[in-house]
Amino acid sequence: MHVNAYAASSATSPLEPTTIERREVGPKDVLIDIAYAGICHSDIHTIRGEWGEVPYPLTVGHEIVGTVAEVGSDVTKHKVGDRVGVGCMVNSCRECENCQAGEEQYCLKGNIGTYGAKDVDGTITQGGYSEKVVVDEDFVLRVPEAIPYDKAAPLLCAGITTYSPLHHWNAGPGKKVAVVGLGGLGHMAVKIAHAMGAEVTVLSQTLSKKDDGLKMGADHYYATKDEETFSKLKNTFDLIVNTVSAPLELKQYLGLLARNGTMVNVGAPPEPLPIEVFTLFANRRSFAGSGIGGIQETQEMLDFCAEHGIAPETELISADKINEAYERVLNSDVRYRFVIDAKTFAPA
Numbered sequence: 037m038h039v040n041a042y043a044a045s046s047a048t049s050p051l052e053p054t055t056i057e058r059r060e061v062g063p064k065d066v067l068i069d070i071a072y073a074g075i076c077h078s079d080i081h082t083i084r085g086e087w088g089e090v091p092y093p094l095t096v097g098h099e100i101v102g103t104v105a106e107v108g109s110d111v112t113k114h115k116v117g118d119r120v121g122v123g124c125m126v127n128s129c130r131e132c133e134n135c136q137a138g139e140e141q142y143c144l145k146g147n148i149g150t151y152g153a154k155d156v157d158g159t160i161t162q163g164g165y166s167e168k169v170v171v172d173e174d175f176v177l178r179v180p181e182a183i184p185y186d187k188a189a190p191l192l193c194a195g196i197t198t199y200s201p202l203h204h205w206n207a208g209p210g211k212k213v214a215v216v217g218l219g220g221l222g223h224m225a226v227k228i229a230h231a232m233g234a235e236v237t238v239l240s241q242t243l244s245k246k247d248d249g250l251k252m253g254a255d256h257y258y259a260t261k262d263e264e265t266f267s268k269l270k271n272t273f274d275l276i277v278n279t280v281s282a283p284l285e286l287k288q289y290l291g292l293l294a295r296n297g298t299m300v301n302v303g304a305p306p307e308p309l310p311i312e313v314f315t316l317f318a319n320r321r322s323f324a325g326s327g328i329g330g331i332q333e334t335q336e337m338l339d340f341c342a343e344h345g346i347a348p349e350t351e352l353i354s355a356d357k358i359n360e361a362y363e364r365v366l367n368s369d370v371r372y373r374f375v376i377d378a379k380t381f382a383p384a
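Each residue of the sequence shown is one higher than the one before, counting from 37 in the numbering used here.
Here it is as structure tokens:
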């Protein structure tokens, strides 16, 4: 089937209306009528070729919510009319040690990304900036009714990207957690860490978003442009979640970790990050990375957000505003996540 979508034809061209082809619904497939698609900074990095080669033309978008329109003959997990979501991956090998452990995001053969990846049939996957998508039922998630439909999409990337490290490193009562950056990822990290019971501190360049951060659940808010911040908070945090996709002076931030503390990167700057190993020796500190989450953990995150009344702060836009939204993301001019109304994907 052919569906309306938006795609980029090169690293420098704007996204434009087009049509893309979706496969027929197979026995284990679910056809989803997309309602909303979130804009992630990863989409921009990918489209602009900052993370490697891109199979243009490409439709991006890996924060997808919608309604099941059709199911294959062998589908048991979803039915027509269900509210569902699709995140950053649409398949994996299912056989390796990591997949068997329910952590398909770390598939040893490489999971199949929602866009720009070679699918099992040899075609290139196309993402959620489109009207419909066909996905294997095992990679389709249930979106609880308690989560507002127009705000749910960013949870499929921003939500799980921050929930997974907070969960893995046991954020909770008695733990001091710092979140670097209060953007699309950072604001979700604050909300989730607060709901887990941790003491939450935001580390942002300035205090311009302090009121927002405190309303979202932060206990403290510091400006990193103030040099006193790094001396005042030295040896403080059990966990630092770095959400920014730009280089940082890591020595300063690692110095904020308490004994056995960990700084985990979920932002992905294209440049290498230099580390002074002696900074890690002090306090037996760790520097780590974390990538999204498995399907089971992503469903757990959605249920957690529903239970605790957590939803992203979003701005709803029409498809013809995508290119403008990209520029605004790059200028940090969004509070805090753009969501596209899929009804506005007009014919090319």
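Positions of the beta carbon are idealized from the N, C-alpha and C atoms, including for glycine.
Do you know whose CA, among P201, R119 and A71, lies nearest G327's CA? On the sequence shown, position 291 is the one that residue 327 refers to. It is P201.
C-beta atoms of E140 and N147 nearer than 7 Å: Taking the first residue of the sequence shown as 1, we reach residue 140 at position 104. Taking the first residue of the sequence shown as 1, we reach residue 147 at position 111. Contact: yes.
Can you list, in chain order, the residues of its chain whose CB lies under 6 Å from that of Y142, leaving out five sequence neighbours each side? Working through the sequence shown from its first residue, we reach residue 142 at position 106. Here the set comprises N134.
What is the residue span of the beta strand (DSSP E) that V122 lies within? Within the sequence shown, numbered from 1, the residue matching residue 122 stands at position 86. Where V122 is concerned, the enclosing beta strand (DSSP E) stretches over R119 to V122.
Kindly list the residues whose CB is nearer than 6 Å to the CB of Y258, restricted to its own chain and excluding five residues on each side of it in sequence; keep chain order. Here residue 258 corresponds to residue number 222 of the sequence shown, with the count starting at 1. Excluding sequence neighbours, Y258 sits near L239 and T265.
For the segment 136-180, which segments carrying the beta strand (DSSP E) assignment without a break, of at least 3 residues, lie completely within its bounds, in sequence order? 168-172
Continuous beta strand (DSSP E) stretch holding F273: start and end: Along the sequence shown, read from residue 1 onward, the residue named residue 273 stands at position 237. Segment F273 to N278, the beta strand (DSSP E) holding F273.
Straight-line gap, A73 to G195 (C-alpha atoms, nearest Å): One-based indexing of the sequence shown puts residue 73 at position 37. One-based indexing of the sequence shown puts residue 195 at position 159. For A73 and G195, the distance between alpha carbons rounds to 14 Å.
So does the segment 205-218 actually touch the segment 180-190, counting three or more Cβ pairs closer than 8 Å? no
Excluding five sequence neighbours on each side, which residues of the same chain lie with their C-beta closer than 8 Å to the C-beta of V111? Numbered from 1 along the sequence shown, position 75 holds the residue referred to as residue 111. The answer, listed in chain order, is P63, K64, D65, V66 and E173.
Near I346, which residues of its chain fall below 7 Å by C-beta distance, leaving aside the five closest residues on each side in sequence? Within the sequence shown, numbered from 1, the residue matching residue 346 stands at position 310. So the qualifying residues of the chain are K227, I228 and A231.
Sort G158, G121, Y92 and V375 by Cα distance to S46 and report the nearest one. Working through the sequence shown from its first residue, we reach residue 46 at position 10. Taking only the C-alpha atoms, the option nearest S46 is Y92.
Note down the Cα distance separating F323 from L316, rounded to an integer number of angstroms. Counting from one through the sequence shown, the residue named residue 323 turns up at place 287. Counting from one through the sequence shown, the residue named residue 316 turns up at place 280. Cα to Cα, the separation comes out at about 8 Å.
Over the uninterrupted beta strand (DSSP E) stretch that includes A43, give me the two end residues. The residue given as residue 43 occupies position 7 in the sequence shown. Its beta strand (DSSP E) spans residues H38 to A43.
So what's H114 in DSSP terms, helix, strand or just coil? As a first step, residue 114 is located in the sequence shown; it is residue number 78 there, counting from the start. H114 falls in the coil class under three-state DSSP.
In this structure, does DSSP put Y92 in helix, strand or coil? Counting from one through the sequence shown, the residue named residue 92 turns up at place 56. In this structure, Y92 counts as coil in the three-state DSSP scheme.
Would you list, in sequence order, the uninterrupted alpha helix (DSSP H) runs of no fewer than 4 residues that lie entirely inside the segment 216-265? 222-232 and 246-252
I'd like to check one pair, Y42 with A388: are the Cβ atoms closer than 7 Å? Lying before the first or after the last residue shown, residue 388 is absent from the chain, which here runs from 37 to 384.
What do you get for Q136, buried or exposed, if any count of 16 or more other CB atoms within 10 angstroms of its CB means buried? The residue given as residue 136 occupies position 100 in the sequence shown. It counts as exposed.
Residue range of the unbroken alpha helix (DSSP H) whose run includes I83: On the sequence shown, residue 83 is found 47 positions in, with the first residue counted as 1. Note, I83: alpha helix (DSSP H), H77 to I83.
Reducing DSSP to helix, strand and coil, say where I56 ends up. By one-based count along the sequence shown, residue 56 stands at place 20. Three-state DSSP puts I56 in a strand.
With a cut-off of 8 Å, do at least 3 Cβ pairs link the segment 273-281 to the segment 294-305? yes
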